[in-house]
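Asker: Below is the structure I would like to discuss, written out as structure tokens.
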Amino acid sequence: MEKVIKKDVGLAAALLRVHFHDCFVQGCDGSVLLDGSASGPVDSEKTAPPNLSLRGFDVIEDLRRRVHKQCGAGSVSCSDIATIVARDSVVLTGGLEYKVPLGRRDGLTFATRNTTLANLPSPFVPTGTLLTALAAKNFDTTEAVALSGAHTIGVAHCTSFTQRLYPTQDTTMDKTFASTLKRVCPTATTNATTLLDIRSPNVFDNKFFVDLMNKQGILTSDQDLYTDKRTRGIVTSFAVNQTLFFEKFVDVMVKMGQMQVLTGTQGEIRNNCSRRNSNDILISTVVGDRDMENVTSF
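Every letter in the sequence shown is one number past the one before it in UniProt numbering, and letter 283, counting from 1, is 283.
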């Protein structure tokens with residue numbers, strides 16, 4: 001992973017995002033890694049609009065191949081690898097090192113486009129909608145803000161925030177900052193990207209929250225965290241105390257990584273992360289908390 005991130009630091013945010021998108025849709029089962037049908041177009045999780053910009057699948061598959069070659073087929077699941085590389089992406093860009101529970105198995109099905117859209121928070125929503133969506137997945141307000149802190153690295157596509165620039169500028173955005181963004185995105189449909197954290201875009205730190213306090217958040221769902229009274233204080237506390245943010249972020253990442261996991265005889269351990277093993281049946285089951293007792297940490 002050190003070589004991967006050194007060669008392309010942007011993959012850190014990309015791999016972190018893959019893990020988030022995987023876990024939030026139907027649990028951390030590696031379903032977002034699955035390709036659709038080889039016989040033609042299919043209504044798949046991977047091709048749903050929010051996932052079209054995901055990348056880093058080749059990194060996950062390459063690591064699976066290396067581990068299986070060294071330790072034997074079936075030694076680790078793709079969903080575990082996705083969890084590990086997300087953690088390593090945080091650590092290798094400056095975040096706190098932490099252990100993640102392992103023992104997940106890979107799902108046999110992927111979600112539909114509509115299910116994917118229904119489970120992934122939109123960048124256009126205000127804080128109230130975001131908190132409701134995350135509360136439905138058992139995340140409290142502080143955890144919701146901490147998860148948003150993942151935007152301290154990575155980029156955003158113009159189309160995910162130009163509604164804040166055109167036809168009129170969002171009043172919660174700094175005017176000078178807005179002018180800079182307009183140069184990157186001269187129209188509402190410009191196909192370009194810009195940094196989510198202008199202060200330290202390639203470093204995992206708390207500067208994202210400093211951005212929000214200065215009206216320099218890119219996405220509506222981000223900047224509104226400082227505008228909304230329910231989350232303003234949390235944003236401020238993270239902006240002035242990086243250690244606190246790191247601790248809360250680690251806790252919520254470990255919690256997220258245990259959402260609806262498959263263990264035991266459920267699912268499978270894929271021989272290729274992009275497709276199911278040929279002799280498996282299309283059945284998947286969600287496990288309860290007690291099944292996590294046998295999961296190890298790494």
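For every residue, glycine included, the Cβ atom is placed at its ideal position computed from N, Cα and C.
Assign R64 to one of two classes, buried (16 or more other C-beta atoms within 10 Å of its C-beta) or exposed (fewer than that).
Answerer: As a working mapping, residue 64 is identified with position 64 in the sequence shown. So R64 ends up on the buried side.
Asker: Which term fits A144, buried or exposed, when burial requires 16 or more other beta carbons within 10 angstroms of its beta carbon?
Answerer: Start at 1 with the first residue of the sequence shown, and residue 144 comes out as number 144. Burial state of A144 is buried, judged by a 10 Å Cβ sphere holding 16 or more other Cβ atoms.
Asker: Going by DSSP, name the residue or residues bridged to N272.
Answerer: Sequence index remark: in the sequence shown, residue 272 carries index 272 (1-based). Note: N272 sits in a beta bridge opposite R275.
Asker: Roughly how many angstroms lie between the CA atoms of Q163 and P201, to the nearest whole one?
Answerer: The sequence position of residue 163 within the sequence shown is 163, counting from 1. The sequence position of residue 201 within the sequence shown is 201, counting from 1. In a straight line, the C-alpha of Q163 is about 23 Å away from that of P201.
Asker: With a threshold of 8 Å (Cβ to nearest heavy atom), would V25 be considered close to the ligand COA?
Answerer: This structure does not include the ligand COA; it has no bound ligands of any sort.
Asker: Quick check on the DSSP output: the alpha helix (DSSP H) that includes T187 runs from which residue to which?
Answerer: Along the sequence shown, read from residue 1 onward, the residue named residue 187 stands at position 187. Note, T187: premise wrong, no alpha helix (DSSP H); not H, not E.
Asker: If you scan the segment 149-236 from start to end, which runs of the beta strand (DSSP E) of 3 or more residues do you find wholly inside it?
Answerer: DSSP runs (the beta strand (DSSP E)) wholly in the segment 149-236: 155-157, 193-195.
Asker: Please look up how many angstroms separate the CB atoms of L54 and V18, rounded, as I've assumed it's under 8 Å.
Answerer: Counting from 1 along the sequence shown, the entry for residue 54 is found at position 54. Counting from 1 along the sequence shown, the entry for residue 18 is found at position 18. So it is a contact: roughly 6 Å between Cβ atoms.
Asker: Are the beta-carbon atoms belonging to M259 and G27 less than 9 Å from one another?
Answerer: Here residue 259 is taken as the residue at index 259 of the sequence shown, counted from 1. Here residue 27 is taken as the residue at index 27 of the sequence shown, counted from 1. The answer is yes: Cβ separation under 9 Å.
Asker: Using only the alpha-carbon positions, how far apart do G107 and N271 sit?
Answerer: Residue 107 sits at position 107 when you count from the first residue of the sequence shown. Residue 271 sits at position 271 when you count from the first residue of the sequence shown. Answer to the nearest angstrom: the Cα atoms are 13 Å apart.
Asker: Considering only residues of the same chain and omitting the five flanking positions on each side of F110, which have a CB-CB separation below 6 Å?
Answerer: For the purposes of this step, residue 110 is taken as the residue at position 110 of the sequence shown. Answer for F110: S31, L34, S44, E45, listed in chain order.
Asker: Tell me the DSSP secondary structure of L262 in three-state form.
Answerer: Translated into positions along the sequence shown, residue 262 becomes position 262. Under the three-state reduction of DSSP output, L262 falls in the strand class.
Asker: Express the C-alpha separation of T180 and I198 in angstroms, rounding to a whole number.
Answerer: Residue 198 sits at position 198 when you count from the first residue of the sequence shown. Residue 180 sits at position 180 when you count from the first residue of the sequence shown. Rounded to the nearest angstrom, the two C-alpha atoms are 11 Å apart.
Asker: When DSSP labels each residue in this structure, what does D106 get in the three-state scheme?
Answerer: For the purposes of this step, residue 106 is identified with residue 106 of the sequence shown, where counting begins at 1. D106: strand per DSSP, three-state reduction.
Asker: Enumerate in chain order the residues of its own chain whose CB-to-CB distance from V25 is below 8 Å, with the five nearest sequence positions on each side excluded.
Answerer: Position 25 of the sequence shown holds residue 25. If we look at V25 and ignore the five residues flanking it on each side, its Cβ neighbours are S31, V32, E45, A111, T115, T116, N119, L120.
Asker: Give me, in chain order, the residues of the same chain whose beta-carbon lies closer than 7 Å to that of Y166; leave out the 5 immediate sequence neighbours on both sides.
Answerer: Counted from its first residue, the sequence shown places residue 166 at position 166. Taken in chain order, the residues that qualify are A188.
Asker: Taking three-plus beta-carbon pairs below 8 Å as touching, is the segment 65-75 in contact with the segment 8-15?
Answerer: Contact fails: fewer than three Cβ-Cβ distances are below 8 Å.
Asker: Using a Cβ-Cβ cut-off of 6 Å (strictly less than) and excluding sequence neighbours within five positions of P50, which residues of its own chain qualify?
Answerer: Within the sequence shown, the letter at position 50 stands for residue 50. Shown here for P50: same chain residues with a beta carbon closer than 6 Å to its own, the five before and five after excluded, namely L120 in chain order.
Asker: Mapping DSSP to helix, strand and coil, what is A14?
Answerer: Start at 1 with the first residue of the sequence shown, and residue 14 comes out as number 14. Helix, per DSSP.
Asker: Since E61 is in the alpha helix (DSSP H), which residue starts that stretch and which ends it?
Answerer: In the sequence shown, residue 61 corresponds to position 61, counting from 1. 57-71 is the span of the alpha helix (DSSP H), which, as asked, contains E61.
Asker: Tell me which same chain residues have a C-beta within less than 6 Å of the C-beta of V90, skipping the five on either side of it?
Answerer: For the purposes of this step, residue 90 is identified with residue 90 of the sequence shown, where counting begins at 1. Closer than 6 Å at the Cβ level, and outside the excluded window around V90, lie F204.
Asker: Are V261 and G74 closer than 9 Å when you measure CB to CB?
Answerer: Taking the sequence shown and counting its residues from 1, one reaches residue 261 at position 261. Taking the sequence shown and counting its residues from 1, one reaches residue 74 at position 74. No; because the gap between Cβ atoms is not below 9 Å, this pair is not in contact.
Asker: Taking N214 as the reference, which of T176, K182, T231 has the closest Cα?
Answerer: Numbered from its first residue, the sequence shown carries residue 214 at position 214. Just measuring C-alpha positions, the residue of T176, K182, T231 sitting nearest N214 is T176.
Asker: Alpha carbon to alpha carbon, how far is S278 from F124?
Answerer: Residue 278 sits at position 278 when you count from the first residue of the sequence shown. Residue 124 sits at position 124 when you count from the first residue of the sequence shown. Taking the straight line from one Cα to the other gives about 40 Å.
Asker: For the alpha helix (DSSP H) that T253 lies in, which residues bound it at each end?
Answerer: To locate residue 253, count along the sequence shown from 1; it is residue 253. The sequence given here has Met at residue 253, not Thr. Element bounds for M253: 242-256.
Asker: Apart from the five residues just before and just after T227, which ones in its own chain have a Cβ nearer than 7 Å to its Cβ?
Answerer: Locating residue 227 in the sequence shown gives position 227, counting from the first residue. Closer than 7 Å at Cβ, skipping near neighbours: T172.
Asker: V9 to G95, Cα distance in whole Å?
Answerer: The sequence position of residue 9 within the sequence shown is 9, counting from 1. The sequence position of residue 95 within the sequence shown is 95, counting from 1. When rounded, the distance between both Cα atoms is 14 Å.
Asker: Between which two residues does the alpha helix (DSSP H) containing L134 stretch?
Answerer: Counting from 1 along the sequence shown, the entry for residue 134 is found at position 134. Where L134 is concerned, the enclosing alpha helix (DSSP H) stretches over 127-135.
Asker: Rounded to the nearest angstrom, what separates V59 and Q223 at their Cα positions?
Answerer: The sequence position of residue 59 within the sequence shown is 59, counting from 1. The sequence position of residue 223 within the sequence shown is 223, counting from 1. Those two C-alpha atoms are separated by around 31 Å.
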